[in-house]
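According to full-length UniProt numbering, the stretch in the sequence shown is residues 1 to 205, in order.
What follows is a short report on a single structure.
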Amino acid sequence: MNKDGKVKRIKLSIKDAYEEYRNVQNINSARVSTLDRVDNSMKALCKVWDEDYPIASLTYSHIQEYKEYWHGKHAPTTMNINLSKIRVFHNWCVMMGYAKKKIDFVLVKEDSKPIAYLTEDELNGIMKCDIIDVHFRKSFLFYYMTGCSKSEPFEGKLSGNWLTIEPSTAKGHTTREIQLTPILKTIVTEMRDRSSISSDDREIC
């Protein structure tokens with residue numbers, strides 16, 4: 001409130017608004033992988049516009065400049081993922097009153113590509129490659145044998161010899177159960193143990 005008795009709105013910076021947004025998402029039990037992805041998207045934004053830039057000042061032209069900055073540096077798919085995450089964040093800021101109106105985030109055109117799968121020969125080549133850490137070679141084997149997506153080994157429920165993937169996590173959005181051999185169970189346990197050993201310190205922007 002200023003000296004005239006009127007409420008003065010303080011313009012939040014991108015960093016401060018995002019820290020609040022991230023805390024809300026964490027309380028809402030957003031997946032760690034989702035939060036990590038949004039962190040990366042915000043870092044990309046802060047490469048173009050300083051973290052102290054007022055979130056209320058962002059406009060359509062800023063997003064166009066963002067796209068121009070990353071054109072040729074990021075693949076179209078990466079660009080669109082980042083734009084989508086930033087859009088959700090900005091819409092939240094509008095809802096909270098930190099920004100005046102929503103921005104029209106126009107995604108870039110992507111060339112459709114067929115899904116590529118590892119062949120048996122390619123997997124054998126990976127297994128024999130000494131410059132690849134043993135942990136990652138075993139991880140490649142686990143993904144190849146189970147057909148899991150990147151996040152499913154970590155977010156599925158491990159019970160006995162079964163890995164259960166819930167609809168919210170499964171790539172097909174339906175419950176999926178994977179029976180594990182003793183070797184696969186050992187590998188996924190090592191993967192999960194290694195993933196849990198991480199620093200709590202995060203750089204937002």
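Glycine included, each C-beta is placed from N, C-alpha and C at the ideal position.
Decide if residue i is buried, meaning its Cβ has at least 16 other Cβ atoms within 10 Å, or exposed.
{"i": "Gly156", "result": "buried"}
{"i": "Cys93", "result": "buried"}
{"i": "Thr146", "result": "buried"}
{"i": "Tyr98", "result": "buried"}
{"i": "Ser41", "result": "buried"}
Would you mind reading off the limits of the beta strand (DSSP E) that contains residue i?
{"i": "Ser159", "result": "Lys157 to Ser159"}
{"i": "Glu120", "result": "From DSSP, Glu120 is part of no beta strand (DSSP E) but of the alpha helix (DSSP H) over Glu120 to Met127."}
On a Cα-Cα basis, can you pick out the residue from the options that is closest to residue i?
{"i": "Glu122", "options": "Glu110, His135, Phe140 and Ile131", "result": "Phe140"}
{"i": "Glu65", "options": "Thr78, Leu83 and Ala56", "result": "Leu83"}
{"i": "Arg194", "options": "Ser57, Pro153, Gly97 and Glu120", "result": "Pro153"}
{"i": "Glu190", "options": "Asn80, Lys101, Val134 and Tyr60", "result": "Val134"}
{"i": "Arg37", "options": "Met79, Arg176 and Pro182", "result": "Met79"}
{"i": "Arg137", "options": "Phe89, Val188 and Leu163", "result": "Val188"}
{"i": "Val48", "options": "Ile14, Val24, Tyr21 and Ser33", "result": "Ile14"}
{"i": "Glu19", "options": "Ile55, Arg31 and Ser33", "result": "Ile55"}
{"i": "Ser168", "options": "Asp39, Ser33 and Tyr21", "result": "Ser33"}
{"i": "residue 268", "options": "Thr164, Ser196 and Thr174", "result": "Since the first residue of the chain shown is 1 and the last is 205, residue 268 is not available in this structure."}
{"i": "Glu177", "options": "Ile183, Arg192 and Cys148", "result": "Cys148"}
{"i": "Thr175", "options": "Glu166, Ile183, Thr181 and Pro182", "result": "Glu166"}
{"i": "Lys85", "options": "Ile103, Tyr69 and Gly72", "result": "Ile103"}
Can you tell me whether DSSP reads residue i as helix, strand or coil?
{"i": "Thr175", "result": "coil"}
{"i": "Phe105", "result": "coil"}
{"i": "Ser139", "result": "helix"}
{"i": "Tyr144", "result": "helix"}
{"i": "Glu152", "result": "helix"}
{"i": "Tyr117", "result": "coil"}
Since residue i is in the alpha helix (DSSP H), which residue starts that stretch and which ends it?
{"i": "Ile183", "result": "Pro182 to Ser196"}
{"i": "Leu163", "result": "Segment Trp162 to Ile165 is the beta strand (DSSP E) holding Leu163; no alpha helix (DSSP H) there."}
| request: Output the residue ranges of the alpha helix (DSSP H) runs that lie fully inside the UniProt domain "Core-binding (CB)" (12 to 94) and measure 4 residues or longer, sorted by chain position. | output: 14 to 27, 32 to 48 and 60 to 70
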